[in-house]
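Counting in this note's numbering, the sequence shown runs from 1 upward without gaps. Where is the CB? At the ideal position from N, CA and C, for every residue including glycine. Note that this is a predicted model, so its numbers are computed, not measured. Some notes on the structure that comes next.
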Amino acid sequence: MNYNLSDYVFDLPADRIAQKPADERAASRLLVARDKEELTDSYFNKIGSFLRAGDVLVVNQTKVMNARCFAQKENGLRVEIFILDILAALSLKESENEQTSLPCELKDPHSQLLIPVLLKPARRLKAGMKLIFPHSGVQVLLEEKGDAGRGLLCFADRTALFSVLEKDGEIPLPPYIKREKGPDQEDRVRYQTVFANEPGAVAAPTAGLHFSEKLLADIQEEGIELCKLTHHVGIGTFKPIHVDDVRDHQMESEHYRLSEESADTLNRAKAEGRRIIAVGTTSTRCLESCIKHGEFIAGSGDTSLYIYPPYRFSAIDGLVTNFHLPGSTLLLLVSALMGRERILNLYGHALRKAYRFYSYGDAMLLIP
């Protein structure tokens, strides 16, 4: 078994990283890998032809929040702020928040919110500084400053936080998508899935970006069942592996929810021998976290499930996913599903055929 990080690294030319989405969602290319069959080059709008009537397609309905914003120090220095965990902060009861937070000068401490953030440039900031968001006029206190640019911002209340998200926030594009002036209007639409309904993510579940409303309707007409779950993508999705032995890597936890209705749909499919096809690695991790002894259990919680070879899948029979970064946890997940050599050969084919990589890139359908 290959556990060295170097075994999951490949050369990726910078010009293969998609900077813009395809002209239409379903116009992306699709590379199909089924069992030991030859690879098939196709287009995403043809995905229904590679699925069967009765298949259950599981999509992640999380919605990306405007987690990236800019504030100013009192001396005018511009500070980039990436809000890490809005969901956890908003779920706190005021009484709990009062007990666990430090004093805040901005308003009644009974209603304050402490929000974990990434700060840039962190070296020019220190705890106790006040920052102002220019568009909303909201003032916050840098309550704590930790390592690696992390900190805690103290907001006066939920109203202040929502005002910042609405007026100062922008869609947090991944660092490998370069925008000189930040996200544009197209990004605000195309970096959300058409089924995004549950706010809480700081990155998109990118495999779902390829589905249009029409394509979803078409494949359901062909007898393919659609099932929804929620898995809020966190900043950990971009966290690189810094250890030589991939088994030593630690995943950051992310919040998920599987409804009773969806669990019933999935259990019925399992009982009837129908295939469950996950759309995206987050859907996969949610499903694999929710299955116990062959049965899907409805509920919500946090998962830090780390999938790497030789993990044995219990929940899914196939996966729709994008092309991932070399040496990433996402590449390890697909290697666990298809085998390392098969995946690296598949990626080599994609590079030779000029497929586009990462969030705005093309897709794969993997059925082991």
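Going by C-alpha to C-alpha distance, which of 73, 83, 44 and 77 sits closest to residue 129? As a first step, residue 129 must be located in the sequence shown, where it is residue number 129. Selected option, being the one with the closest Cα: 73.
Does the region 182 to 199 come within contact of the region 28 to 35, defined as at least 3 CB pairs closer than 8 angstroms? no
Any contact between the region 357 to 368 and the region 304 to 324? By contact I mean 3 or more CB pairs, one from each, below 8 angstroms. yes
Is DSSP giving residue 262 helix, strand or coil here? On the sequence shown, position 262 is the one that residue 262 refers to. If DSSP states are grouped into helix, strand and coil, residue 262 belongs with the helices.
Exposed or buried, what is residue 1 when buried is set at 16 or more other beta-carbons lying within 10 Å of its beta-carbon? Counted from its first residue, the sequence shown places residue 1 at position 1. By the 10 Å Cβ count, residue 1 comes out exposed.
Cβ-Cβ separation, residue 67 to residue 131 (assumed contact under 8 angstroms), whole Å: Position 131 of the sequence shown, counting from 1, holds the residue named residue 131. Position 67 of the sequence shown, counting from 1, holds the residue named residue 67. Not confirmed; about 16 angstroms, so no contact.
Since residue 350 is in the alpha helix (DSSP H), which residue starts that stretch and which ends it? Locating residue 350 in the sequence shown gives position 350, where the first residue counts as 1. Note, residue 350: alpha helix (DSSP H), 340 to 352.
Does any CB atom of chain C fall closer than 8 angstroms to the CB of residue 11? No chain C appears in this structure, which consists of one protein chain only.
Between the region 333 to 341 and the region 300 to 318, are three or more C-beta pairs nearer than 8 angstroms? yes
Quick test of your reading: residue 202 and residue 64, contact by CB under 8 angstroms. State the CB separation rounded to the nearest angstrom. Taking the sequence shown and counting its residues from 1, the one referred to as residue 202 is at position 202. Taking the sequence shown and counting its residues from 1, the one referred to as residue 64 is at position 64. Yes, they are in contact, since the Cβ atoms of residue 202 and residue 64 sit about 7 angstroms apart, within 8 angstroms.
Roughly how many angstroms lie between the CA atoms of residue 232 and residue 85, to the nearest whole one? Taking the sequence shown and counting its residues from 1, one reaches residue 232 at position 232. Taking the sequence shown and counting its residues from 1, one reaches residue 85 at position 85. C-alpha separation (whole angstroms): 10 angstroms.
Does the beta-carbon of residue 350 have 16 or more other beta-carbons within 10 angstroms, so that it is buried, or is it exposed? Mapped onto the sequence shown, residue 350 falls at position 350. So residue 350 counts as buried.
Go through its chain and collect everything with a Cβ distance to residue 174's Cβ below 8 angstroms, but skip five positions before and after it. Reading the sequence shown from its first residue, position 174 is the one you call residue 174. Taken in chain order, the residues that qualify are 203, 238, 358 and 359.
Paired residues, beta bridge with residue 322 - DSSP: In the sequence shown, counting from the first residue as 1, residue 322 sits at position 322. Under DSSP, residue 322 shares a beta bridge with 363.
What does a CB cutoff of less than 8 angstroms around residue 179 pick up in its chain, not counting 5 residues either side in sequence? Residue mapping note: residue 179 aligns to position 179 of the sequence shown, counting from 1. If we look at residue 179 and ignore the five residues flanking it on each side, its Cβ neighbours are 173 and 187.
Hey, could you find the ends of the alpha helix (DSSP H) residue 213 is sitting in? Taking the first residue of the sequence shown as position 1, residue 213 is located at position 213. First-last of the alpha helix (DSSP H) with residue 213: 213 to 221.
Which partner residues does residue 368 have in the DSSP bridge list? In the sequence shown, the residue the question calls residue 368 occupies position 368. Note: residue 368 sits in no beta bridge, so no partner.
Short Cβ contact (8 angstroms threshold) for residue 274 with residue 56: Translated into the one-based positions of the sequence shown, residue 274 becomes position 274. Translated into the one-based positions of the sequence shown, residue 56 becomes position 56. Taking a C-beta distance under 8 angstroms as the contact criterion, residue 274 and residue 56 qualify as a contact pair.
Residue 302 to residue 82 span [Cα, whole Å]: Position 302 of the sequence shown holds residue 302. Position 82 of the sequence shown holds residue 82. Each residue's Cα considered, the two are about 21 angstroms apart.
Where residue 11 falls: helix, strand or coil (DSSP): On the sequence shown, residue 11 is found 11 positions in, with the first residue counted as 1. Correct three-state label for residue 11: coil.
Can you give the Cα-Cα distance for residue 100 and residue 163, rounded to whole angstroms? Here residue 100 corresponds to residue number 100 of the sequence shown, with the count starting at 1. Here residue 163 corresponds to residue number 163 of the sequence shown, with the count starting at 1. Note that residue 100 scores a pLDDT of 36, beneath 50, so its modelled location is shaky; the value from the coordinates is reported in the next line. Answer to the nearest angstrom: the Cα atoms are 24 angstroms apart.
Exposed or buried, which one is residue 77 when buried takes at least 16 other CB atoms within 10 Å? Position 77 of the sequence shown, counted from the first residue, corresponds to residue 77. Exposed, since its Cβ has fewer than 16 Cβ neighbours within 10 Å.
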